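With positions in the sequence shown counted from 1, the corresponding number in the numbering used here is that position plus 844. For every residue, glycine included, the Cβ atom is placed at its ideal position computed from N, Cα and C. All of these numbers come straight from a predicted model, not from anything done at the bench. Read the structure below first, then the notes.
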Amino acid sequence: MPSYSLNDICCPPSYNGESRRARWFFLGLFVFIGFMIIFILIGLAAGLWKHAPEQDHYLILSRQWPITVCIARQCDEKYRDQQEWLINGLQSRIAGEKPLKNCEHEENDFKPESVKDEKDYFATRWPNLDPLPHTLTIKEPTEKPTTTATSTVKTTTVSISSSTTKKPDDKPDDDKHNEKQWSKEWKQYGTCYDGKQADYFQTIMELDKTYLLKEAKISEKIIPNTTALIELNTLAKTLAEYFNKKNEQKWDESMFEFVCKLVINTNKNDDDDDAEQGQHLYLLEEIRMCFGVMTTDDGDKKKQVHKPIECFDRSSYGIESPYGCFGQQSVRYPNAF
């Protein structure tokens, strides 16, 4: 039985030398393309099977300035002039995205018992700034309503009065009033927290105690003054120095971000000069601090450790800040408004 080589099969003797070389070239090209297709398919399959990388979560602790918060918003009177930084809440965020909101959680509903250990602390550090409930009393006008040829609408004066209708036993329940605030924060941001509801509120208290920001006077230069401008970069550096004196961890200006409120000045000065009237004013409303979350083993249970991290792109202050400062290099830190 005659034997045949690969050369005889692919290039029979009837082919001349040039035809043989061309046939070998196209055969090699075909094999090469085949291997390339196989490698591409393997690469695609590996990409589909590869687990998606874990997203970097971090926490944002926010403190609010009541004087700014209560501008153009109904607040309890005692907070309108309060010069003390208060807790505003704790948000979760994925790097490069907006804060997470309204997530699905196994404890979607707020449970008052989840703050039983923090309630007294929160009563002063995280109160509900909304006005306490009042009773509406309708007073009939003492004079007959004015009637004209074009209008026959009866005018009734409605006023809020607590002295005429409230009884001594009707004192508002401050705890329940504050719980409305804590419940709102839990449903909006807390449900995105990676942990139990009680752990969420405990984390807020621990972070606020460890990195306490309470005093209005942050430094000799950073004090509340409605008429003065404060550079955001200077404020961030001052805060870093402030916390470096109080904590062992190293802080720098990249670990803070700010929220501003835009208001339009409608006041006229004594000289009847309306150069300031109608001016857009950017008021400091929140100071935020960001913390990376690391999980460590503490015996039989896992424990979260929070470390300050950089939490924003500082170039946003020169372009358009997503937090309401809108590219402002300087803002006002109001002592009254």
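So, at 6 angstroms on beta carbons, what are the nonlocal neighbours of residue i in its own chain, with the 5 sequence-adjacent residues on each side left out?
i	result
Ser1159	Low confidence applies to Ser1159: its pLDDT is 48, below 50, so where it sits in the model is not reliable, and the reading given next is rough at best. Nothing meets the Cβ criterion.
Cys1036	Ser936, Leu944, Cys947
Ile1048	Leu934
Met1138	Val1149
Ala939	Asp900
Tyr1177	Pro1068, Ile1074, Leu1128
Ile881	none
Thr1140	Lys1147, Val1149
Arg1132	Ile904, Ser906, Glu1101
Asp1019	none
Gln908	Leu930, Asn932, Glu1130
Gly1136	Tyr902, Lys1151, Ile1153
Pro956	Glu1023
Phe954	Ser1027, Trp1030
At least one CB of chain C closer than 7 angstroms to the CB of residue i: is that the case?
i	result
His1124	Among the chains of the structure shown, chain C does not appear; only one protein chain is present.
By Cβ distance below 7 angstroms, which residues in the same chain neighbour residue i in space, the five residues on each side in sequence not counted?
i	result
Gly933	Ser906, Glu1029, Tyr1033
Phe1181	Ile911, Ile915, Thr1070
His949	Thr1035
Asn1022	Phe966, Ala967, Pro971, Asn972
Val959	Phe966, Trp1026, Phe1045
Arg969	Leu930, Ile931, Asp1052
Ile1062	Thr1082, Leu1083, Tyr1086
State the DSSP-derived secondary structure class of residue i, mapped to helix, strand or coil.
i	result
Leu1057	coil
Glu928	strand
Tyr923	helix
Pro943	strand
Tyr1177	strand
Gln1172	coil
Gly872	helix
Leu976	coil
Gly878	helix
Ser936	strand
Phe883	helix
Ile1062	coil
Phe1045	helix
Cys1036	helix
Ile982	Low confidence applies to Ile982: its pLDDT is 44, below 50, so where it sits in the model is not reliable, and the reading given next is rough at best. In the structure shown, Ile982 sits in a strand (DSSP, three-state: E or B).
Glu948	coil
Ile1163	Because Ile1163 sits at a pLDDT of 45, beneath the cut-off of 50, its placement in the model cannot be relied upon, and the point is left open.
Asp1052	helix
Ser1005	Because the pLDDT at Ser1005 is just 35, under 50, the model does not fix this residue reliably, and the value given afterwards should be weighed accordingly. Three-state result, Ser1005: coil.
Identify the continuous beta strand (DSSP E) that holds residue i and give its terminal residues.
i	result
Ile915	No beta strand (DSSP E) holds Ile915; DSSP gives it neither H nor E.
Gln908	901-908
Ile1151	Here residue 1151 is Lys; the residue named in the question, Ile, does not match the sequence. Taken as a continuous stretch (DSSP letters only), the beta strand (DSSP E) holding Lys1151 covers 1145-1152.
In terms of residues, what are the limits of the alpha helix (DSSP H) holding residue i?
i	result
His1021	1018-1032
Tyr965	963-969
Cutting at 8 angstroms between CB atoms, please list the residues of its own chain near residue i, excluding the five before and the five after it.
i	result
Ile1108	Gly1122, Gln1123, His1124, Leu1125
Asn1088	Lys1094, Trp1095
Thr1078	Lys1065, Ile1066
Asn952	Lys1031, Thr1035
Lys1024	Asn972, Asp974
Leu1076	Phe1102, Tyr1161, Cys1169, Gln1172, Gln1173, Ser1174, Val1175
*asked:* Within 8 angstroms, do at least three Cβ pairs link the region 916-924 to the region 969-979?
replied: yes
Suppose only complete runs of 4+ residues qualify. What are the alpha helix (DSSP H) ranges in the region 1067-1142, listed by chain order? 1076-1090
* Asked: For the 8 angstroms Cβ check, are there 3 or more pairs between the region 927-934 and the region 1049-1062?
  -> When C-beta atoms of the region 927-934 are compared with those of the region 1049-1062, three or more pairs fall below 8 angstroms, so the two segments count as touching.
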